[in-house]
Amino acid sequence: MPELARRFRSLPPYPLTEVPGIKRELRARGVDVIDLGTGDADLAPPPAAVQAMQQAVCDPANSRYPFQLGLVPFREEIARWMGGRFGLEVDAMADIALLIGSKEGIYHLPFAFLEPGDVTIIPDPGYQAYLGGTVLAGGEPHLVPLRPEHDFLVPFWEIPEEVVRRTRILYLNYPNNPTAAIAPREYLAKAVAWCREHDVILAYDNAYSEIAYDGYLPPSILEIPGAKEVAIEFHSLSKTYNMTGWRIGWAVGNPDLIAAVTRVKTFADTGVPFSIQHAGVAALRSHGEWVPRNVATFQARRDAAWDAFRAAGFDLPKPAASMYLWVPLPAGVESEPWAKRLLLEQGVSVLPGKSLGPGGEGFFRVALTTSEDRLREGAERIAKMV
Numbered sequence: 315m316p317e318l319a320r321r322f323r324s325l326p327p328y329p330l331t332e333v334p335g336i337k338r339e340l341r342a343r344g345v346d347v348i349d350l351g352t353g354d355a356d357l358a359p360p361p362a363a364v365q366a367m368q369q370a371v372c373d374p375a376n377s378r379y380p381f382q383l384g385l386v387p388f389r390e391e392i393a394r395w396m397g398g399r400f401g402l403e404v405d406a407m408a409d410i411a412l413l414i415g416s417k418e419g420i421y422h423l424p425f426a427f428l429e430p431g432d433v434t435i436i437p438d439p440g441y442q443a444y445l446g447g448t449v450l451a452g453g454e455p456h457l458v459p460l461r462p463e464h465d466f467l468v469p470f471w472e473i474p475e476e477v478v479r480r481t482r483i484l485y486l487n488y489p490n491n492p493t494a495a496i497a498p499r500e501y502l503a504k505a506v507a508w509c510r511e512h513d514v515i516l517a518y519d520n521a522y523s524e525i526a527y528d529g530y531l532p533p534s535i536l537e538i539p540g541a542k543e544v545a546i547e548f549h550s551l552s553k554t555y556n557m558t559g560w561r562i563g564w565a566v567g568n569p570d571l572i573a574a575v576t577r578v579k580t581f582a583d584t585g586v587p588f589s590i591q592h593a594g595v596a597a598l599r600s601h602g603e604w605v606p607r608n609v610a611t612f613q614a615r616r617d618a619a620w621d622a623f624r625a626a627g628f629d630l631p632k633p634a635a636s637m638y639l640w641v642p643l644p645a646g647v648e649s650e651p652w653a654k655r656l657l658l659e660q661g662v663s664v665l666p667g668k669s670l671g672p673g674g675e676g677f678f679r680v681a682l683t684t685s686e687d688r689l690r691e692g693a694e695r696i697a698k699m700v
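Under our numbering, the letters of the sequence shown match residues 315 to 700, in that order.
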């Protein structure tokens, strides 16, 4: 058998790959496992989306290839939603690419733009699709640590000039996974100006734009003047609508960037199934009535978890958005072996910070994906380990 490609061998293990097997073994032994590691809520999708899907699968026309054009009414609904939510004018045909979940669009972007030696700026810790797409496209990831002293913002202004000269893509993600940080508009304006100055693509992962609390309303990067010259923004129905397994999202932004991602996708897939796109239309139309109730559930969980972890002795800010807590470990505690011990000894699964990049060492991520009582109990068990 031929040797694996060097770029493939350079990939780190993907987060949580061994955890499902451990959880299965523990549960088989009767252990009460509390899963706070996976960002996959235990909540139902909008009924309107489920009903639309049920109706759509009964129509044989929806079993045919959707191709990259997809369902035009879904494109139009996305454009209307972007206009109503962010005040943007979006061309439903030229400014949007339909995605099988935002992850695959994020992953495919580098294949259109990277040559050997080209660099992408990647937040560390961060979503591993940024790194995977870069490495497998033949580029070089430049990891930039997210630190409390920078409010977990990427300090792109500190990147060495020799790296900047080779940079083609800057990945930003606010509200952030895993740190739950948010980005002020002044920071986003600075990022747009930096990308325009250095001819860099701004890839903005906005998967958590609708999960925000206490009146905070996360912006689109495309609201920033000049952003459409350099930016592509990724959205998903996964988190907002509890549709992680449905695999549907979109990219929006500069039409040349959209066209490039679309062309890559023509060689990788034949589009989002029509029936799921019909569900996407229904989900977006339910936004005004359904999403606030869903977010209220996450807010109640955030409050319960934050109070419980504070009571357990952890010092962490109350997040204004996302579905995570980013919890610091005591000095000197390594996150990966500690998290494995936590699962084996206390039956609680969390995401060790280092699994999302070396910059995540010293932290662990808690996902607000289970009930308030389970979050409280999880915090109590975790306190026994520190």
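Note that CB positions come from ideal geometry on N, CA and C, so glycine has one too.
Treat the numbers as computed from the prediction; the structure is a model and nothing was measured.
Alpha carbon of residue i to alpha carbon of residue j, nearest angstrom
i      : j      : result
Val664 : Pro329 : 11 Å
Arg378 : Glu463 : 52 Å
Glu476 : Ser669 : 28 Å
Gly446 : Leu531 : 30 Å
Glu694 : Ala614 : 18 Å
Tyr527 : Pro316 : 52 Å
Asp687 : Ala625 : 14 Å
Pro374 : Ser589 : 10 Å
Arg270 : Glu691 : Since the first and last residues shown for the chain are 315 and 700, residue 270 lies out of range.
Gly419 : Ala565 : 7 Å
Phe628 : Ala408 : 48 Å
Glu659 : Ile473 : 42 Å
Leu630 : Leu460 : 15 Å
Cys372 : Thr580 : 27 Å
Asp621 : Asp465 : 21 Å
Ala536 : Ile336 : As written in the sequence, residue 536 is Leu, which differs from the Ala given in the question. One C-alpha to the other measures close to 42 Å.
Gly353 : Lys654 : 18 Å
Pro644 : Phe677 : 9 Å
Val458 : Asn376 : 44 Å
Val575 : Val700 : 45 Å
Met266 : Ala597 : Outside the shown range of the chain (315 to 700) lies residue 266, about which nothing can therefore be said.
Pro387 : Leu516 : 28 Å
Ala512 : Leu325 : For the record, residue 512 in the displayed sequence is His; it is not Ala. Taking the straight line from one Cα to the other gives about 28 Å.
Ser600 : Arg321 : 43 Å
Arg389 : Gly567 : 13 Å
Lys632 : Gly602 : 25 Å
Gly401 : Glu332 : 43 Å
Phe612 : Pro606 : 10 Å
Ala521 : Ile392 : 14 Å
Ile410 : Arg479 : 29 Å
From the options, residue whose alpha carbon lies closest to that of residue i
i      : options                        : result
Pro539 : Leu516, Ala507, Thr558, Leu689 : Ala507
Val595 : Ser550, Pro606, Pro316         : Ser550
Ala319 : Val449, Val586, Ile336         : Val449
Ala697 : Val662, Phe470, Gly667         : Val662
Leu682 : Leu630, Arg607, Arg616, Leu643 : Arg616
Pro340 : Leu657, Ile392, Val586, Ala619 : The amino acid at residue 340 is misidentified as Pro; the sequence shows Leu. The shortest C-alpha separation from Leu340 is found at Leu657.
Ala618 : Leu385, Pro666, Thr684, Ala355 : Thr684
Ile435 : Phe623, Pro498, Pro469         : Pro469
Val609 : Pro359, Phe322, Arg338         : Pro359
Gln369 : Gly401, Gln591, Phe381         : Gln591
Gly559 : Glu332, Asp349, Asp356         : Asp356
Leu689 : Phe623, Leu402, Val514, Arg607 : Phe623
Leu385 : Ala593, Ala521, Pro651         : Ala593
Asn487 : Val478, Tyr441, Arg479         : Tyr441
Anticipated Cβ contact below 8 Å, residue i with residue j, distance rounded
i      : j      : result
Val647 : Val680 : Between Val680 and Val647 the Cβ distance is about 16 Å, and since that is not below 8 Å, they are no contact.
Pro439 : Ile483 : Going by Cβ atoms, the distance from Pro439 to Ile483 rounds to 18 Å, so no, they are not a contact pair.
Pro437 : Tyr485 : 6 Å
Gln577 : Ala426 : Per the sequence presented here, residue 577 reads as Arg, with Gln not at that position. 7 Å between Cβ atoms; contact.
Leu412 : Val586 : 5 Å
Ala443 : Tyr421 : 5 Å
Ile546 : Pro489 : In fact, because the Cβ distance is near 18 Å, the residues do not count as touching under 8 Å.
Ser416 : Phe548 : 4 Å
Leu502 : Pro533 : 7 Å
Val433 : Thr481 : 5 Å
Asp583 : Ile414 : 6 Å
Val404 : Gly397 : 6 Å
is_contact[residue i, chain D] using C-beta, thresh 8 Å
i      : result
Val333 : Looking at the structure shown, chain D is missing, and only one protein chain is on hand.
Validate contact between the segment 335-349 and the segment 668-676 using beta carbons, cut 8 Å, 3 pairs: With the cut-off at 8 Å, the segment 335-349 and the segment 668-676 do not touch.
Write down every uninterrupted run of the alpha helix (DSSP H) in the segment 506-590 whose length is 4 residues or greater and which is fully enclosed by it, in chain order. Taking only runs of at least 4 residues, the alpha helix (DSSP H) segments lying wholly in the segment 506-590 are 569-580.
For the pair the segment 489-499 and the segment 622-637, tell me if three or more CB-CB distances fall below 8 Å. Judged by Cβ distances under 8 Å, the segment 489-499 makes contact with the segment 622-637, as three or more pairs qualify.
Under 8 Å, with one C-beta from each stretch per pair, do the segment 551-564 and the segment 354-374 reach the 3-pair mark? These segments touch.
To test your reading of the DSSP string, which unbroken beta strand (DSSP E) runs of 3 or more residues are found completely within the segment 429-517? Segments of the beta strand (DSSP E) lying fully in the segment 429-517: 433-438, 454-459, 481-486.
At 4 residues or longer, what runs of the alpha helix (DSSP H) sit wholly inside the segment 627-688? Entirely contained in the segment 627-688, the alpha helix (DSSP H) runs reaching 4 residues are, in chain order, 649-660.
In chain order, each beta strand (DSSP E) run of at least 3 residues that lies wholly inside the segment 352-416: With a minimum length of 3 residues, the continuous beta strand (DSSP E) runs that stay inside the segment 352-416 are 410-413.
Indicate whether the contact test is met: 3 or more Cβ pairs, each with one atom in the segment 507-526 and one in the segment 451-459, closer than 8 Å. Put simply, the segment 507-526 does not touch the segment 451-459. Fewer than three CB pairs are less than 8 Å apart.
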